[in-house]
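Trainee: The sequence shown runs -28 to -1, 1 to 265 under mature numbering (1 follows the signal peptide of the UniProt record, and there is no 0). Positions of the beta carbon are idealized from the N, C-alpha and C atoms, including for glycine.
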Amino acid sequence: MNKKRLKTIAATAVAGCLLLTMSVTAFAASGSGYESYKNAVESTILAQNATVDAQFEVKDNGSVILSGNSNVKLDNENSSSKTTLTADGVTKTFATSKDESTGAFIRSVDDQYYVMQKDNEKQNADQKENDKLTASSSTVKLAEMLADTLAGDVKNQFVKNGQTVSLNLEGSQIPELAKLAVSAAAENNGRIEKEHNGDSADQASLKTLMDRIPKLSNTDVKSVSMTATVDGNLLKNNVATVVITGTDASGSTHELSIMIKGDISNVGNTKIDTIDTTGKNVTTISRNEHHED
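1. Select from Gly218, Asp245, Ile257 the residue whose C-alpha is nearest the C-alpha of Asn33.
2. With a floor of 3 residues, list each beta strand (DSSP E) that falls wholly inside the segment 29 to 87, ordered by position along the chain.
3. Going by Cα to Cα distance, which pick from Asp220, Met198, Thr225 is closest to Asp183?
4. For Tyr9, which option in Gln145, Leu46, Lys208, Thr242 has the closest C-alpha, if you only look at C-alpha atoms?
5. Please classify Asp82 as buried or exposed, where buried requires at least 16 other C-beta atoms within 10 Å of its C-beta.
6. In whole angstroms, give me the CA-to-CA distance for Glu227 and Pro186.
7. Report the three-state DSSP secondary structure of Gly170 (helix, strand or coil).
8. Alpha carbons only, please: which of Val13, Ser15, Glu14, Ala22 is nearest the one belonging to Thr242?
9. Between which two residues does the beta strand (DSSP E) holding Thr136 run?
10. Could you say which of Thr68, Thr106, Gln84, Val36 lies nearest to Val13 if we only look at CA atoms?
11. What did DSSP end up calling Gln27 once you bin it into helix, strand or coil?
12. Considering only residues of the same chain and omitting the five flanking positions on each side of Ala59, which have a CB-CB separation below 7 Å?
13. So the candidates are Asn50, Glu142, Asp245; which of them puts its Cα closest to the Cα of Glu72?
14. Taking just the CA atoms, how far does Gly75 sit from Thr55?
15. If we call anything under 8 Å between Cβ atoms a contact, is Ala200 one with Ile232?
16. Just to confirm my understanding: we take Asp203, look at its own chain, exclude 5 residues before and 5 after, and list those with CB closer than 7 Å. What are they?
17. How long is the line joining the alpha carbons of Phe(-2) and Pro147, rounded to whole angstroms?
18. Between Val239 and the rest of its own chain, which residues show a CB-CB distance below 7 Å, the 5 nearest in sequence each way excluded?
Structure representation (structure tokens):
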């Protein structure tokens, strides 16, 4: 299992969905809305230092089945997060803290803490080099190309009004490649969870909450909406909602609405949070055990 999988899945999911929304939509339009949004997203991501406060909600046929919030702090190779998930009246709190200066990587769920042992110095140095992003990085260029391809004819659908950039798509307006990408992610949800069946107690606890989301087939993307605020060359907030339809194993029809809202602040001035494990229930895990993938 690689380093990214070692992070708490909940925080990773929130940040990942937010970045996916920003990345896919950032390069999907043309004109002033496109330029403002694209430049703001790129500048914010490449700063590699920001605080993201996210809220998310999943509805199934109009009823909320999963909700939560997350505070993610990024400072170059260092990061911290605190995520709260609620489903069926049960709330779980997950947290992570990674400080490369000390080699400490800590994650927790409720009152249980997991501490990762430090990798060797060469491996750390190689990872830091690989994690660096610039406007000319192959990773950034590839993301732009893939997003452009997914965008299709959406390139003229963005609307700019002052600092606000918005996008609203329904049915046939949504590019087929984008539909396929979202549908594939939804239909593979169950398969991914099976791969985590042998994971640690904190991830098993998260899986119990995530099981509330129905596993769908014959999926289709009904609508996509996004609103963002751009301040100068930085992204200040981003709200996205995706509505997916499909059927479960029993043939019942579901309409899933997934909403993610992110507020970005303290760009260039963020310091990560630390986790104090003094007197806590701590399990120590060797990182070498998690480099199998």
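Mentor: Looking at the atomic coordinates:
1. Gly218
2. 35 to 47, 50 to 59, 62 to 71, 76 to 81
3. Asp220
4. Lys208
5. exposed
6. 10 Å
7. Unreliable placement is indicated for Gly170, whose pLDDT of 46 sits below 50; the coordinate value is still reported in the next sentence. Three-state result, Gly170: coil.
8. Ala22
9. 136 to 142
10. Thr106
11. strand
12. If we look at Ala59 and ignore the five residues flanking it on each side, its Cβ neighbours are Ile37, Leu38, Leu181, Arg184.
13. For Glu72, the nearest C-alpha among the options comes from Asn50.
14. 22 Å
15. The answer is no: Cβ separation not under 8 Å.
16. Gln135
17. Residue placement at Phe(-2) is flagged as unreliable, the pLDDT there being 39, under the threshold of 50; a coordinate-derived value is accordingly withheld.
18. Thr16, Ala19, Asn21, Ala22, Leu206
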